[in-house]
Amino acid sequence: MEFLPARVDTNRIQPASRKTPVPVAAIETRQISKTFGSGDREVRALDHVSLEIRENEFFTLLGPSGCGKTTLLRLIAGFEAPTSGQLLLYGDDISNEPPYRRSVNTVFQSYALFPHLTVAQNIAFGLEMLGKPKAEISRTVDEMLAMVRMEAMAHRKTSEISGGQQQRVALARALAPHPKVLLLDEPLSALDLKLRKEMQRELKRLQIETGITFVFVTHDQEEALTMSDRIAVMSAGKPLQIGTPREIYDRPANRFVASFIGESNFLSATITAATGDVARVRIGGGIDMEAALPAEAPRSGKVTVAIRPEQVRLVEADAADALPATVTDTVYFGTDTHTHLLLDSGETVVARFQSTLAHSEERANGTRVGVQFWEGSVQVLRETA
Amino acid sequence: MTDTTAPRPRRKAFSVRTMPGFSSIAIVCFLALYAPIVVIVVYSFNSGNSIALWEGLSLKWYATAWQNDAVQEATIRSVIIAAFASVISTVVATMAALGTTHGGDFRGRTVIYLLINQPLMVPEIVTAVALLIFFSMIRIATGYSGLAYLIAAHAAFCVPFAYLPIRARLEGMDTMLELAAADLYATPWRAFRRVTLPLMAPGIVAGAMLAFVISLDDVIITEFVKAAGQDTLPTYMLGQLRRAITPEVNAISTILLAITVILLTLFFILTRKRSPKA
Chain A
1 MEFLPARVDT NRIQPASRKT PVPVAAIETR QISKTFGSGD REVRALDHVS
51 LEIRENEFFT LLGPSGCGKT TLLRLIAGFE APTSGQLLLY GDDISNEPPY
101 RRSVNTVFQS YALFPHLTVA QNIAFGLEML GKPKAEISRT VDEMLAMVRM
151 EAMAHRKTSE ISGGQQQRVA LARALAPHPK VLLLDEPLSA LDLKLRKEMQ
201 RELKRLQIET GITFVFVTHD QEEALTMSDR IAVMSAGKPL QIGTPREIYD
251 RPANRFVASF IGESNFLSAT ITAATGDVAR VRIGGGIDME AALPAEAPRS
301 GKVTVAIRPE QVRLVEADAA DALPATVTDT VYFGTDTHTH LLLDSGETVV
351 ARFQSTLAHS EERANGTRVG VQFWEGSVQV LRETA
Chain B
1 MTDTTAPRPR RKAFSVRTMP GFSSIAIVCF LALYAPIVVI VVYSFNSGNS
51 IALWEGLSLK WYATAWQNDA VQEATIRSVI IAAFASVIST VVATMAALGT
101 THGGDFRGRT VIYLLINQPL MVPEIVTAVA LLIFFSMIRI ATGYSGLAYL
151 IAAHAAFCVP FAYLPIRARL EGMDTMLELA AADLYATPWR AFRRVTLPLM
201 APGIVAGAML AFVISLDDVI ITEFVKAAGQ DTLPTYMLGQ LRRAITPEVN
251 AISTILLAIT VILLTLFFIL TRKRSPKA
């Protein structure tokens with residue numbers, strides 16, 4: 001495929017204005033695998049990954065280190081070639097295109113700003129490589145400087161600005177050529193907590209303002225939940241669940257997702273009836289409740305259900321429709337308190353209560369209580385018990 | 001971190017500076033190193049004919065050296081050889097440094113390191129004899145007896161000196177920068193031209209200067225390889241010492257020293273500034 005700067009230019013306007021009935025995915029991976037090394041030392045970083053990233057979407061790849069999220073990002077950027085499978089950018093197969101022929105830019109974890117260039121020269125770099133006219137370059141650089149509020153620093157060396165400012169320059173540099181997709185490789189991990197919160201909002205604002213598809217890699221679940229339109233939770237080279245933050249948090253499909261994002265109680269249960277995506281389950285041998293039933297989950301027999309700690313309610317020990325339990329421990333976290341409970345069935349449950357001065361859910365260790373779960377909070381997992 | 005305000009008595013951390021006799025040994029060492037050089041420099045301004053008896057301040061010997069045709073010729077020859085040798089060795093060293101730091105992990109890299117740095121380890125006299133025999137074979141075969149032999153010999157032993165600072169510079173460079181350039185639509189050549197080369201430039205200049213200085217004051221290999229009438233400044237001085245020692249040699253030495261000190265100072269200024277962390 002011949003690469004011409006002009007082609008990038010025309011195509012970059014197309015996606016935003018194109019009103020096709022069937023939307024083309026910004027990025028589509030088809031059965032992509034990536035292995036490193038060979039023989040005994042072969043490591044499979046990505047295992048037949050097929051996913052679609054939609055246009056104008058803030059898409060997050062979330063997972064622990066070694067789950068393949070960064071490898072997938074490097075594949076999209078073109079720094080690695082897939083071992084097998086196809087990578088499509090707006091329908092074009094770019095699996096074997098070098099990085100400099102992809103209308104995709106990256107914000108590196110280490111920023112990778114050019115130390116011999118000024119802030120403005122860094123931002124201009126991509127535009128110069130595309131052969132844009134001088135006037136357009138200087139106009140775009142000014143726009144970008146204004147967008148990340150770095151006008152005053154335009155002529156500083158990158159070593160003379162703070163980490164947060166470097167971060168913003170790295171963003172401006174990657175956004176300046178107006179790529180079809182912007183890749184962000186844990187860009188906030190080097191910032192302190194306060195700055196990180198600020199940059200999270202800033203990133204979201206830039207994504208909406210520019211209308212560029214963002215693919216964001218992080219291991220921080222909170223970051224993923226607050227910024228993303230959709231999240232792919234990855235483990236061992238595979239996306240385990242793809243969905244909106246709410247779907248991921250409220251309706252985790254399996255144990256890994258349920259425990260990696262937030263905390264969860266896992267209890268054994270038996271499905272007594274199943275219709276569509278709702279199941280009737282008997283939990284802990286004591287209470288019957290309705291539970292969300294994901295696709296591919298077993299529709300009868302023994303299963304595991306996940307319940308968030310904040311969905312646990314404590315009632316009188318002898319209340320009907322409650323699981324009898326004993327308080328074993330109480331841990332104070334400031335904004336909330338965790339009460340650890342031992343069910344009479346032998347399973348453990350953690351309940352989370354918001355701390356309020358007016359009202360305390362704290363109970364002494366050894367107190368007998370009844371455990372209930374709020375309606376709609378029970379989620380059947382794909383794995384059988 | 002050591003807390004000096006801690007009330008409990010703590011043993012001082014071990015430091016050679018607190019050892020008895022440290023400073024006196026240091027002074028003796030520095031005297032042994034620099035006293036002879038100071039004497040040479042001082043006596044180069046002697047107005048008398050002796051290099052041992054001080055007779056008065058004068059620039060006479062500098063003038064004598066300046067007007068000496070043999071010194072002039074030898075100086076020009078030295079500079080020509082050093083210039084060619086440093087350029088050739090720096091180009092070779094730059095390519096070698098790029099290959100060994102940016103060429104990925106390849107088998108036999110340690111062997112390559114050893115081969116590049118071989119001139120630092122093989123006794124110079126061995127190289128000199130080997131070159132003498134090798135070049136005389138070529139001389140007989142071709143009949144050519146120009147400066148090219150000296151330039152080739154100097155270029156060869158200057159390579160490791162040029163290589164070390166360039167490699168150090170490249171190793172300190174963030175490899176992400178080249179990826180970033182490629183990500184921003186720079187073809188491999190343009191990424192090299194716009195990012196790698198400017199960042200390694202101080203290393204290249206430092207390497208070239210080091211090679212120049214090393215070439216400028218080489219005696220052993222030059223003495224073996226040079227044809228009749230191809231004296232460089234150091235071999236000319238060596239020849240002078242065999243006859244009558246005059247303060248003219250002091251004056252030439254002082255000038256060589258000054259050039260070396262200036263170049264080495266520039267070298268340290270260039271290598272001191274590490275590439276800032278991106």
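Protein chains in written order, with full-length UniProt numbering: chain A, 1 to 385; chain B, 1 to 278.
Using N, Cα and C, we set each Cβ at its ideal position, and we do this for glycine too.
Could you pull the start and end residues of the beta strand (DSSP E) that residue i belongs to?
i, result
"Y332/A", "L323 to Y332"
"E28/A", "I27 to F36"
"R280/A", "V278 to I283"
"K238/A", "K238 to G243"
"I271/A", "N265 to T275"
"E143/A", "Note, E143/A: premise wrong, no beta strand (DSSP E); alpha helix (DSSP H) at K134 to M147."
"L52/A", "The residue asked about is misnamed: residue 52/A is Glu in this sequence, not Leu. Taken as a continuous stretch (DSSP letters only), the beta strand (DSSP E) holding E52/A covers V43 to I53."
How is the alpha helix (DSSP H) around residue i delimited, first residue to last?
i, result
"M95/B", "D69 to H102"
"N250/B", "P247 to R272"
"A228/B", "That residue, A228/B, is in no alpha helix (DSSP H); it is neither H nor E in DSSP."
"L26/B", "What sits at residue 26/B in the sequence shown is Ala, not Leu. Looking at the DSSP string, the run of the alpha helix (DSSP H) that includes A26/B is F22 to Y43."
"V305/A", "Segment G301 to I307 is the beta strand (DSSP E) holding V305/A; no alpha helix (DSSP H) there."
"R293/A", "The sequence shown places Leu at residue 293/A, not Arg. Unbroken run through L293/A: none, as it is neither H nor E."
"H154/B", "A148 to E171"
"R194/B", "First-last for R194/B: undefined, no H or E at that position."
"F125/A", "V119 to M129"
"S259/A", "R255 to F260"
"F135/B", "E124 to T142"
Classify residue i as buried or exposed, calling it buried when 16 or more other Cβ atoms lie within 10 Å of its own Cβ.
i, result
"R18/A", "With a pLDDT of 47 at R18/A, under the threshold of 50, the modelled position of that residue is not reliable, and no figure is offered here."
"M19/B", "exposed"
"P188/B", "exposed"
"F256/A", "buried"
"P133/A", "exposed"
"E290/A", "exposed"
"V71/B", "buried"
"W61/B", "buried"
"S15/B", "exposed"
"C29/B", "exposed"
"K180/A", "buried"
"L175/A", "buried"
"L206/A", "buried"
Who are the Cβ neighbours of residue i in its own chain at under 7 Å, not counting the five residues just before and after it?
i, result
"E94/B", "Correcting the residue type first, residue 94/B is Thr in the shown sequence and not Glu. Closer than 7 Å at Cβ, skipping near neighbours: I166 and I204."
"P82/A", "I32, S33, K34, L75 and S95"
"F79/A", "P99"
"D336/A", "R352, F353, Q354 and S355"
"E124/B", "I220 and I221"
"L263/B", "M209, F212 and V213"
Which same chain residues end up closer than 6 Å to residue i when comparing Cβ atoms and leaving out the 5 residues on each side of it in sequence?
i, result
"F182/B", "Going by the sequence as given, residue 182/B is Ala instead of Phe. A191, listed in sequence order."
"A120/A", "V141 and A154"
"T71/A", "K34, A45 and L46"
"K69/A", "L61, G63, V217 and M234"
"A292/A", "R251 and Q379"
"D288/A", "R282"
"V64/B", "The amino acid occupying residue 64/B in the given sequence is Thr; Val does not appear at that position. Around T64/B: E248."
Could you pull out every residue in the same chain whose Cβ sits closer than 8 Å to the Cβ of residue i, ignoring the five residues on either side in sequence?
i, result
"D93/A", "Q86 and L87"
Using a Cβ-Cβ cut-off of less than 7 Å, give me the residues of the segment 168-181 of chain B that come near chain A, in sequence order. D174, M176, L177, L179 and A180
Near-chain B residues of the segment 87-99 of chain A (beta-carbon distance less than 8 Å), N- to C-terminal order: P98 and P99
Between the segment 291-308 of chain A and the segment 260-273 of chain A, do three or more beta carbon pairs fall short of 8 Å? yes
Does the segment 323-331 of chain A touch the segment 341-352 of chain A, meaning 3 or more C-beta pairs lie closer than 8 Å? yes
Count the CB pairs spanning the segment 50-64 of chain A and the segment 209-226 of chain A that are closer than 8 Å, and state whether there are at least three. yes
Spell out a yes or no on whether the segment 222-241 of chain B and the segment 191-202 of chain B are touching, meaning 3 or more CB-CB pairs, one atom from each, closer than 8 Å. no
Contact list for the segment 194-215 of chain B against chain A, Cβ threshold 8 Å: R194, V195, P198 and L199
Are the segment 84-101 of chain A and the segment 224-237 of chain A touching, with three or more C-beta to C-beta distances below 8 Å? no
Per the contact definition of three or more C-beta pairs closer than 8 Å, is the segment 135-152 of chain A in contact with the segment 169-185 of chain A? yes
Got a sec: which bits of the segment 65-83 of chain B sit with their beta carbon under 8 Å from any beta carbon on chain A, in order along the chain? none
Contact list for the segment 110-123 of chain A against chain B, Cβ threshold 7 Å: S110, Y111, A112, L113, F114, P115 and H116
Does the count of Cβ pairs from the segment 234-243 of chain A and the segment 271-282 of chain A closer than 8 Å reach three? no
Name, going along the chain, the residues of the segment 13-37 of chain B whose beta-carbon falls closer than 8 Å to a beta-carbon of chain A. none
Select from the segment 55-74 of chain A all residues with a C-beta closer than 8 Å to any C-beta belonging to chain B, and list them in chain order. none
Specify whether the segment 88-107 of chain B and the segment 246-261 of chain B touch according to this definition: at least 3 beta carbon pairs, one from each stretch, less than 8 Å apart. no
Along the segment 121-155 of chain A, what residues have a CB closer than 8 Å to any CB found in chain B? F125, G126, M129 and L130
Under 8 Å: do the segment 123-139 of chain B and the segment 222-233 of chain B share three or more Cβ pairs, one atom per stretch? yes
If you pair each beta-carbon of the segment 101-112 of chain A with each one of the segment 173-180 of chain B, do three or more pairs fall below 8 Å? yes
Mind listing which residues of the segment 230-244 of chain B have their C-beta closer than 9 Å to chain A's C-betas, in chain order? none
Near-chain A residues of the segment 85-106 of chain B - C-beta to any C-beta below 7 Å: none
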